[in-house]
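J.: First the structure, then my questions, so here it is.
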Amino acid sequence: MSSSASSASTTAHPPGTHLAHHFQTPAQQFEAAVQGMWLFLATEILLFGGLFCIYAVFRANNPEVFEYAHRYLSKSLGAINTVVLLCSSFTIAAGVRCAQLGRSRQSATLLGLTLLCGLVFLGIKYVEYQHKWKEGLLWGHHYRPEHEASTSLHAPPEAGTADTPTTASPLADPDAPLATAPAPTPTDPDAPSATFAPPALAPPGLRGATAPLPELTGAQRVHNVQTFFGVYFLLTGLHALHVLVGLGLIVWVALRTLGGAFSPLYFTPVAMVALYWHLVDLIWIYLFPLLYLIH
Amino acid sequence: MSRHPTDSDQPHPPLGHVVPLPVLVLTLLVLLALTGLTVGVTVLPWMNLGRLGNLWVALLIATVKATLVALYFMHLRYEKPIIAIILCVTLAFVILFVGLTLKDTREYQPSIQTYRAADPTRYAPDLYNK
């Protein structure tokens, strides 16, 4: 808005109030801004609501995937990030309070503290992402975990291949596997399972056709773990993007505060950026237990 | 920062509600305590309420935290009712959206279970639900 035109048209209020011509008082202008900002935040909630819906469906269908895969997220790093974000929410709320009271220097200091907290949050997020990237804990077919050989509870796919000398060629060593369990299972009588490769190694089209060999049912492995990391990166990635945007906005209002652009009658950008930042905090309040604290 | 908000030296009444600093500090402390609680219930073995119970506890604590942030940090308590109406309607639609989708998902569960039971090597039984 052009401040010169608005201040010229309104003589009742001092310059620097930025009162637009279609508002009668700064209070009315501020209330309209607050209402508009909340409407925008509502659309943000709906946006994240869609992503939470994806999360809910995936978790309802694959609870074991979420309970298995969340162990690769650091609970302590997530908790530290939660504390950092809560503190930043406090500092920016206190910054708005100072702006309301016309204490620009304190307001700028508190905005700077908020900026610092946001940078710490993103730094920790970077460390977490880097760790996932190195370990191959990514979405979709990028999921190539390097850790699985070291985890003892969950049999890695390499263990399945280690079993294959006994299962893939039962004719070569006929005593041991056939003595423990007969190859054709009674549930699927017409499946020629003895001549096929084990299901875990067979091409996808053969998995349904071959009856599972009893040796391989012991190798219990959680499948579709990549869905968890897909949801994880989608949710935290969009959230981190919001943090990044919020940090840019905080720099902007902090610089304007230092430049003396705001007064107790006009600090709308500070209050609106603070509302946006609080929403980022709100989203994280739900993301933290839903992703890191599954049990 | 130590001055009381009422003794500020401005001619106009401040725009919006000036939340007293002790209220903001108290809100932060409660939020931090609730964060400790939501982590704590995952660590303490006797707080294990099962898969669904734990999820509801986590969501309950998160909702209390979110309510505190909205009421005091975001000034919702001091705003006009229209703001709360906007928020509540939005949340109602999110709950409707997620809830109906979950109901729909549940309808497909029997066929999913049948599909998985046909291939126990690929889909391990519930290892982690104890």
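Top line first, the protein sequences correspond to chains A and B.
Each number in the working numbering comes from the position in the first sequence (counting from 1) with 324 added on.
Each number in the working numbering comes from the position in the second sequence (counting from 1) with 11 added on.
Ideal Cβ placement from N, Cα and C applies to all residues, glycine included.
1. If we cut at 8 Å on Cβ distances, does Arg468 of chain A have a partner in chain B?
2. Between Ile618 of chain A and the ligand FAD, is there a pair consisting of the residue's CB and a ligand heavy atom that are separated by less than 7 Å?
3. Kindly indicate if chain A contains any beta-carbon less than 8 Å away from that of Arg88 of chain B.
4. Taking 7 Å as the limit between beta carbons, can you name the residues of its chain near Ala503 of chain A, skipping five residues before and five after?
5. When you compare only the Cα positions, how much space is there between Thr125 of chain B and Asn386 of chain A?
6. Which partner residues of Tyr590 of chain A appear in the DSSP bridge assignment?
7. Out of curiosity, what's the CA-to-CA distance linking Cys342 of chain A and His566 of chain A?
8. Below 8 Å on C-beta distance, what does Gly51 of chain B contact in chain A?
9. Counting only C-beta atoms, is Leu606 of chain A closer than 8 Å to chain B at any point?
10. Can you tell me whether Asn386 of chain A is helix, strand or coil according to DSSP?
11. Going along chain B in order, which residues have a C-beta closer than 7 Å to the C-beta of Gln359 of chain A?
12. Kindly give me the distance between the Cβ atoms of Leu611 of chain A and Thr560 of chain A, rounded to whole angstroms, as I take these residues to be in contact under 8 Å.
13. Classify Trp608 of chain A as buried or exposed, calling it buried when 16 or more other Cβ atoms lie within 10 Å of its own Cβ.
14. Does DSSP put His346 of chain A in a helix, a strand or coil?
15. So with Cβ pairs under 8 Å, would you call Gly464 of chain A a contact of chain B?
16. Taking Lys76 of chain B as the query, report the chain A residues whose CB atoms sit under 7 Å from its CB, ordered along the chain.
17. Taking the alpha helix (DSSP H) that Ile93 of chain B belongs to, which residues open and close that run?
18. Given a limit of 8 Å on CB to CB distance, which residues of the segment 29-51 of chain B reach chain A?
19. I want to verify the contact list: residues of chain B whose CB lies under 7 Å from the CB of Ser413 of chain A, in sequence order.
20. 8 Å is my cut-off, CB to CB: does Leu599 of chain A come that close to chain B?
21. Starting from the beta carbon of Asn405 of chain A, find every residue of chain B whose beta carbon is closer than 7 Å, and list them in chain order.
22. If you draw a straight line from the C-alpha of Glu459 of chain A to the C-alpha of Gln550 of chain A, how long is it?
23. So, using beta-carbon positions, are Cys377 of chain A and Thr415 of chain A closer together than 8 Å?
24. For a contact meaning CB atoms closer than 9 Å, what does Thr125 of chain B contact in chain A?
25. Alpha carbon to alpha carbon, how far is Gly464 of chain A from Gly374 of chain A?
26. Would you say Phe64 of chain B lies against chain A (beta-carbon separation less than 8 Å)?
27. Nearest to Ala564 of chain A by alpha carbon, out of A:Pro593, A:Ile448, A:Arg383 and A:Ala417?
28. So for Thr341 of chain A, helix, strand or coil by DSSP?
29. Does the segment 405-423 of chain A come into contact with the segment 32-42 of chain B, if we say contact requires no fewer than three beta-carbon pairs (one atom in each stretch) closer than 8 Å?
30. Taking Cβ-Cβ distances shorter than 7 Å, what residues in chain A pair up with Pro25 of chain B?
31. Under 8 Å, Cβ to Cβ, is there at least one residue of chain B near Pro593 of chain A?
32. Is the separation between the beta-carbon of Leu370 of chain A and that of Val100 of chain B shorter than 8 Å?
33. Select from A:His466, A:Gly572 and A:Phe354 the residue whose C-alpha is nearest the C-alpha of Phe552 of chain A.
34. Kindly confirm or deny that the segment 416-435 of chain A and the segment 595-605 of chain A touch, where touching means at least three C-beta pairs closer than 8 Å.
35. In this structure, how does DSSP classify Pro121 of chain B when only helix, strand and coil are distinguished?
T.: Inspection of the coordinates gives the following:
1. no
2. This structure does not include the ligand FAD; it has no bound ligands of any sort.
3. no
4. Residue placement at Ala503 of chain A is poorly supported in this model, since its pLDDT is 39, which falls under 50; the coordinates still yield a value, given next. Once the five neighbours on either side are set aside, Ala503 of chain A has no close Cβ partner at all.
5. 14 Å
6. A:Ser587
7. At residue 342 of chain A the sequence reads His, which differs from the Cys that was named. Straight-line Cα distance between these residues: approximately 28 Å.
8. Within chain A, no residue comes near Gly51 of chain B; the closest Cβ sits about 10 Å away, beyond 8 Å.
9. yes
10. coil
11. Ile93 and Ile94
12. 7 Å
13. buried
14. coil
15. no
16. Ile609
17. Pro92 to Glu118
18. Val29, Val30, Leu32, Leu35, Val36, Thr38, Leu39, Leu42, Leu43, Thr46, Thr49 and Val50
19. Val80 and Phe84
20. yes
21. The contacting residues do not exist; Asn405 of chain A stays about 10 Å from chain B at best.
22. 13 Å
23. no
24. The premise fails here: Thr125 of chain B is roughly 12 Å from chain A at the closest Cβ pair, so nothing lies under 9 Å.
25. 19 Å
26. The displayed chain sequence assigns Gly, not Phe, to residue 64 of chain B. No, its Cβ sits nowhere closer than 8 Å to a Cβ of chain A.
27. A:Ile448
28. coil
29. yes
30. Gln424, Leu425 and Pro588
31. no
32. no
33. A:His466
34. yes
35. helix
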